[in-house]
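Notes to accompany the following structure.
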Amino acid sequence: MAAITRLVKRASPSLSVSSTAARRLFCSESSSHAPPQDHFHAPQRKDPKDRNVQWVFLGCPGVGKGTYASRLCNLIGVPHIATGDLVRHELASKGPLSSQLSEIVNQGKLVSDEIIISLLSKRLADGEAKGESGFILDGFPRTISQAEILERVIDIDLVVNLKLQEEALLAKCLGRRICNQCGGNFNVASIDIKGENGSPGMFMAPLLPPAHCMSKLITRSDDTEAVVKERLRIYNEMSKPVEEFYRSRGKLLEFNLPGGIPESWPKLLQALNLDDYEEKRSAAA
Ligand SMILES: [Zn+2]
Numbered sequence: 002m003a004a005i006t007r008l009v010k011r012a013s014p015s016l017s018v019s020s021t022a023a024r025r026l027f028c029s030e031s032s033s034h035a036p037p038q039d040h041f042h043a044p045q046r047k048d049p050k051d052r053n054v055q056w057v058f059l060g061c062p063g064v065g066k067g068t069y070a071s072r073l074c075n076l077i078g079v080p081h082i083a084t085g086d087l088v089r090h091e092l093a094s095k096g097p098l099s100s101q102l103s104e105i106v107n108q109g110k111l112v113s114d115e116i117i118i119s120l121l122s123k124r125l126a127d128g129e130a131k132g133e134s135g136f137i138l139d140g141f142p143r144t145i146s147q148a149e150i151l152e153r154v155i156d157i158d159l160v161v162n163l164k165l166q167e168e169a170l171l172a173k174c175l176g177r178r179i180c181n182q183c184g185g186n187f188n189v190a191s192i193d194i195k196g197e198n199g200s201p202g203m204f205m206a207p208l209l210p211p212a213h214c215m216s217k218l219i220t221r222s223d224d225t226e227a228v229v230k231e232r233l234r235i236y237n238e239m240s241k242p243v244e245e246f247y248r249s250r251g252k253l254l255e256f257n258l259p260g261g262i263p264e265s266w267p268k269l270l271q272a273l274n275l276d277d278y279e280e281k282r283s284a285a286a
């Protein structure tokens, strides 16, 4: 996966600060001994039947892609790699990129390709070393240049684009709460949209915490209405080319969430041809 970092360095020679940061993250790599192009080796591409799935989940912030991606990862036994988590981990651990990151995140802006790619490369390399096979990427690629870099170094089998109507999405984002003791994620929004003019209605029950968490709920500082709307605007603007990139390669699966988890989960499994997977697995256990 260090190949990703090398590709970025080749593509963006002017980004010396990020390249240095990326190199720091990859100090065990030998790439610093020679010009990267001389030492470039694409990682071995494995036949899909010799590895687990390599999927990407797309969807705007708050659509629930983290929830669905992590459920699927548990079901099929692959790591759930969320770039948002990588960023938060870097911030919390006061890693080399943390001060740059906190400024960007607090303004509700997108983190640059170079930073995301350094964090992701490190995560994939660590996983490979531990013998992980396959993955579901959540929140990556976010830009066309990230998608191109990814395409050059690893095979993506399928890209699932999760969608939710805007009204429900905004309510859901503003209803997010985190327990500051156990770290649990909850949602206090109760969504009940009446169907009209042929568009279906939607009901999503709140995801309330257990009683002992109730008094410890906090709202993430970037979950204000202004920041959420700005995040959605940026997302929509940037995601279209990424969707098109995968659509033109026949890899994009569009999935309109019909409601909350109870309504959506079985339909998602159906769309992924995994609807009998759960039964088979529990029968085999
Ligand atoms: Zn709690």
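Numbering-wise (this note's numbering), the sequence shown opens with residue 2 and increments by one.
Note that the Cβ used here is the ideal one computed from N, Cα and C, for glycine as well.
| Item | Value |
| --- | --- |
| Any non-hydrogen atom of ligand 1 closer than 7 angstroms to residue 207 Cβ | no |
| Three or more C-beta pairs below 8 angstroms linking the region 255-270 and the region 187-207 | yes |
| Span of the beta strand (DSSP E) around residue 255 | 253-257 |
| Any 3 or more C-beta pairs closer than 8 angstroms across the region 170-177 and the region 76-86 | no |
| Extent of the continuous alpha helix (DSSP H) to which residue 114 belongs | 114-130 |
| Expected contact under 8 angstroms - CB spacing of residue 147 and residue 117 to nearest Å | 7 angstroms |
| Backbone secondary structure at residue 141 - three-state DSSP | coil |
| Close beta carbons around residue 29, own chain, < 7 angstroms, minus the five adjacent residues each side | Confidence at residue 29 is low in this model, with a pLDDT of 34, below 50, so the placement of that residue should be treated as unreliable; the coordinate-derived value is given next. Around residue 29: no qualifying Cβ. |
| With 16 other Cβ atoms within 10 Å as the buried cut-off, status of residue 203 | buried |
| Beta-carbon proximity check, residue 155 vs residue 242, cutoff 8 angstroms | no |
| Cβ distance (whole Å) where residue 67 is taken to contact residue 139 below 8 angstroms | 6 angstroms |
| Coil, strand or helix - residue 180 by DSSP | strand |
| Nearest-angstrom Cα separation, counted from residue 90 out to residue 231 | 23 angstroms |
| Sufficient close CB pairs (3 or more, under 8 angstroms) joining the region 101-108 to the region 49-57 | no |
| Span of the beta strand (DSSP E), counted from its first residue to its last, around residue 55 | 55-59 |
| Spatial neighbours of residue 236 in its chain, beta-carbon cut-off 7 angstroms, leaving aside the 5 residues before and after | 61, 62 |
| Cutoff 8 angstroms: residue 158 Cβ touching any chain D Cβ | Among the chains in the structure shown there is no chain D, since it carries only a single protein chain. |
| Closest residue to residue 92 among 112, 73, 158, 275 (Cα-Cα distance) | 112 |
| Identity of the residue in 150, 218, 99 nearest residue 122 by Cα | 150 |
| Sub-8 angstroms separation of residue 58 and residue 137 beta-carbons | yes |
| Rounded distance between the beta-carbons of residue 181 and residue 253, thought under 8 angstroms | In fact, because the Cβ distance is near 38 angstroms, the residues do not count as touching under 8 angstroms. |
| Buried versus exposed call for residue 96 [16 or more other C-beta atoms within 10 Å across all chains shown] | buried |
| For residue 203, the residue or residues it bridges with in DSSP | 194 |
| Counted within 10 angstroms of its Cβ, other Cβ atoms place residue 224 as buried (16 or more) or exposed | buried |
| Euclidean distance between Cα positions of residue 134 and residue 251 | 23 angstroms |
| Simplified DSSP state of residue 173, which is helix, strand or coil | helix |
| For residue 268, the first and last residue of its enclosing alpha helix (DSSP H) | 262-272 |
| Nonlocal neighbours in the same chain, by C-beta distance under 6 angstroms from residue 272, ignoring five residues either side | 256 |
| Cutoff 8 angstroms; reference residue 240; Cβ partners in own chain excluding five residues on either side | 59, 61, 143 |
| Spatially closest choice to residue 170 from 265, 220, 64, 200, by CA coordinates | 64 |
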